[in-house]
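I have placed the structure first, in the form of structure tokens, so that the comments after it can refer back to it.
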Amino acid sequence: MATVRIGVVGVGTFGINHLRCFRQLGYTGTAQLVAACDINEELLAERGQEFEFAPYTDYREMLEKEQLDGITIVTPDPFHREVALAAAEAGVHILCEKPLDVTVAGCQEIIDACEKAGVLLMVDFHKRYDEYHLAMKQKIQAGDLGQIEYGYSHMEDRIEVPRDWFPDWARASSPAWFLGIHFYDLARFLLEANGKAVWATGRTDRLAELGVGGWDSISAKVLFDNGATVAFDTSWILPDGFPAIVNQGIRLVGTKGVLECDSQDRGTFTCCTDDQPGGQTHNKSFLRIRYDKQGREVWEGYGMTSIADFAYNVEVLLAGRSIADLGDYPSGYDGLEATKIAAAVHQSLESGELVSLPS
Ligand SMILES: NC(=O)c1ccc[n+]([C@@H]2O[C@H](COP(=O)([O-])OP(=O)(O)OC[C@H]3O[C@@H](n4cnc5c(N)ncnc54)[C@H](O)[C@@H]3O)[C@@H](O)[C@H]2O)c1
2 MATVRIGVVG
12 VGTFGINHLR
22 CFRQLGYTGT
32 AQLVAACDIN
42 EELLAERGQE
52 FEFAPYTDYR
62 EMLEKEQLDG
72 ITIVTPDPFH
82 REVALAAAEA
92 GVHILCEKPL
102 DVTVAGCQEI
112 IDACEKAGVL
122 LMVDFHKRYD
132 EYHLAMKQKI
142 QAGDLGQIEY
152 GYSHMEDRIE
162 VPRDWFPDWA
172 RASSPAWFLG
182 IHFYDLARFL
192 LEANGKAVWA
202 TGRTDRLAEL
212 GVGGWDSISA
222 KVLFDNGATV
232 AFDTSWILPD
242 GFPAIVNQGI
252 RLVGTKGVLE
262 CDSQDRGTFT
272 CCTDDQPGGQ
282 THNKSFLRIR
292 YDKQGREVWE
302 GYGMTSIADF
312 AYNVEVLLAG
322 RSIADLGDYP
332 SGYDGLEATK
342 IAAAVHQSLE
352 SGELVSLPS
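Reminder that position 173 of the sequence shown reads as 174 in our numbering, one-by-one numbering, no gaps.
Take a look at the structure:
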């Protein structure tokens with residue numbers, strides 16, 4: 002099998018996980034982290050000390066010079082589209098962080114460009130790779146729940162995320178775009194249904210007080226086209242003392258059963274130290290580190306599996322198979338359908354009305 006030549010665009014808070022993933026796929030020759038790009042030169046240089054790659058501040062130049070097989074896009078939400086369109090035009094396969102784009106039209110434009118260029122388009126909806134969610138899916142597919150009637154999910158970040166991680170673009174995003182989108186997609190994946198109508202409410206008090214601005218919390222009720230309704234509560238204002246950076250979970254109720262999954266406290270690891278006297282829970286299913294026999298870092302968990310899946314898919318394509326042969330993966334279409342829900346959530350927030358999704 003050929004080694005997949007990868008470039009990463011955006012090496013910020015989450016971009017480091019893409020760098021880790023492709024560096025370790027290099028241990029086995031599956032992928033090579035060839036290049037990385039960021040407009041923040043200082044950060045790029047810092048990452049360059051930890052990871053080996055050709056550095057670029059312009060992704061177009063990187064696409065032109067490096068003969069990449071694939072790129073991953075880890076720029077802030079509103080800047081995915083321009084990178085994706087340039088990659089498609091260059092004939093390079095794409096893994097895009099969620100959301101694919103913050104507009105329905107933008108998602109469609111990316112999908113069309115990728116189809117025209119014949120390149121793979123994946124969206125990093127990692128919740129589909131969580132072994133707990135996969136087990137839920139198996140039970141649903143086996144018919145154990147009967148007909149799913151309704152459900153509930155929550156995803157909430159500690160306030161440090163909008164306040165300290167990216168105060169400059171938190172206002173351009175929201176709990177629906179940053180967090181809800183994961184669970185809108187997961188609900189679609191589990192229910193095998195698309196969103197049909199949305200009603201949402203939200204609040205803007207806490208982040209306004211801090212001068213960050215934007216939505217504190219958004220609660221949305223989504224009717225799916227199979228008749229099920231799911232309520233999604235999202236926020237990023239949990240206090241600094243909350244015992245995990247993310248709180249999340251989902252439950253679904255059907256005619257024959259109920260499934261509940263607490264994705265935050267997996268009951269595996271609670272840690273209390275002088276630095277964090279309140280005690281912390283850790284979702285080690287998402288990301289965890291170990292060291293191999295050569296003492297090299299190896300990152301594991303569904304946060305890595307979903308990124309690695311892109312390299313494995315491109316490897317198959319380089320071996321001469323077609324995109325249609327790849328089986329199940331979170332596609333551009335999934336990105337579009339999740340964005341339809343998030344966009345409708347925001348429309349409903351603005352209007353106060355029930356919003357029907359475009360078909
Ligand atoms: N899958 C997940 O679990 C997960 C978690 C966090 C963030 N994300 C997603 O990852 C993306 C990035 O989030 P983050 O938290 O890393 O943000 P961040 O602000 O920490 O990093 C974004 C980086 O992109 C760079 N950048 C911006 N415009 C660029 C351009 N035109 N060319 C090159 N680099 C550019 C910035 O300088 C910055 O370093 C977002 O879409 C976010 O929703 C996904």
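In this text, a Cβ means the ideal position worked out from N, Cα and C, and glycines have one as well.
If the criterion is Cβ atoms closer than 7 Å, does the pair residue i and residue j meet it?
i: G11; j: T76; result: yes
i: T24; j: D70; result: What sits at residue 24 in the sequence shown is Arg, not Thr. Taking 7 Å as the Cβ cut-off, R24 and D70 do not qualify as a contacting pair.
i: G152; j: V35; result: no
i: M63; j: G147; result: no
i: P176; j: S236; result: yes
i: G242; j: I342; result: no
i: D78; j: F126; result: no
i: M2; j: E316; result: yes
i: R82; j: G107; result: yes
i: K128; j: H134; result: yes
i: I74; j: C97; result: yes
i: T14; j: W166; result: yes
i: R1; j: A87; result: Any question about residue 1 goes unanswered here, given that the chain covers just 2 to 360.
i: A194; j: N227; result: yes
i: D131; j: G258; result: no
i: N160; j: L253; result: At residue 160 the sequence reads Ile, which differs from the Asn that was named. Result no, Cβ atoms of I160 and L253 do not sit closer than 7 Å.
i: V84; j: T340; result: no
i: P56; j: L44; result: no
i: F225; j: L192; result: yes
i: F54; j: A37; result: yes
i: G302; j: F287; result: yes
i: A345; j: L327; result: no
Over the uninterrupted alpha helix (DSSP H) stretch that includes residue i, give me the two end residues.
i: N18; result: 16-26
i: E42; result: 42-51
i: A114; result: 105-118
i: M123; result: M123 -> not in any alpha helix (DSSP H); beta strand (DSSP E) instead, spanning 122-124.
i: D206; result: 206-210
i: E67; result: No alpha helix (DSSP H) contains E67, which DSSP labels as neither H nor E.
i: E98; result: Where E98 is concerned, there is no enclosing alpha helix (DSSP H), given that its DSSP letter is neither H nor E.
i: A188; result: 182-192
i: Q142; result: 132-142
With DSSP as the reference, label residue i as helix, strand or coil.
i: T271; result: strand
i: G8; result: strand
i: Y330; result: coil
i: S352; result: helix
i: E261; result: strand
i: D78; result: helix
i: K197; result: strand
i: I149; result: strand
i: A171; result: coil
i: D310; result: helix
i: G336; result: helix
i: P56; result: strand
i: D158; result: strand
i: L358; result: coil
i: V315; result: helix
i: V213; result: coil
i: V299; result: strand
i: G304; result: helix
i: A32; result: strand
i: A320; result: coil
i: A37; result: strand
Taking the continuous beta strand (DSSP E) assigned at residue i, which residues delimit it?
i: A232; result: 230-239
i: V247; result: 247-255
i: K222; result: 218-225
i: L288; result: Counting along the chain, L288 falls outside any beta strand (DSSP E), and DSSP gives it neither H nor E.
Run the proximity test for residue i: is its beta-carbon closer than 6 Å to any non-hydrogen atom belonging to ligand 3?
i: N41; result: Absence of ligand 3 is noted for the structure shown, with ligand 1 being the only ligands found.
Sufficient close CB pairs (3 or more, under 8 Å) joining the stretch 181-200 to the stretch 271-287: no
Should the stretch 152-166 be regarded as contacting the stretch 309-316, the criterion being three or more beta carbon pairs within less than 8 Å? no
For the stretch 206-215 against the stretch 259-272, are there 3 or more C-beta pairs whose distance is under 8 Å? no
On the three-pair Cβ rule with 8 Å, is the stretch 198-210 touching the stretch 345-356? yes
With three or more C-beta pairs closer than 8 Å as the rule, is the stretch 322-337 touching the stretch 109-125? yes
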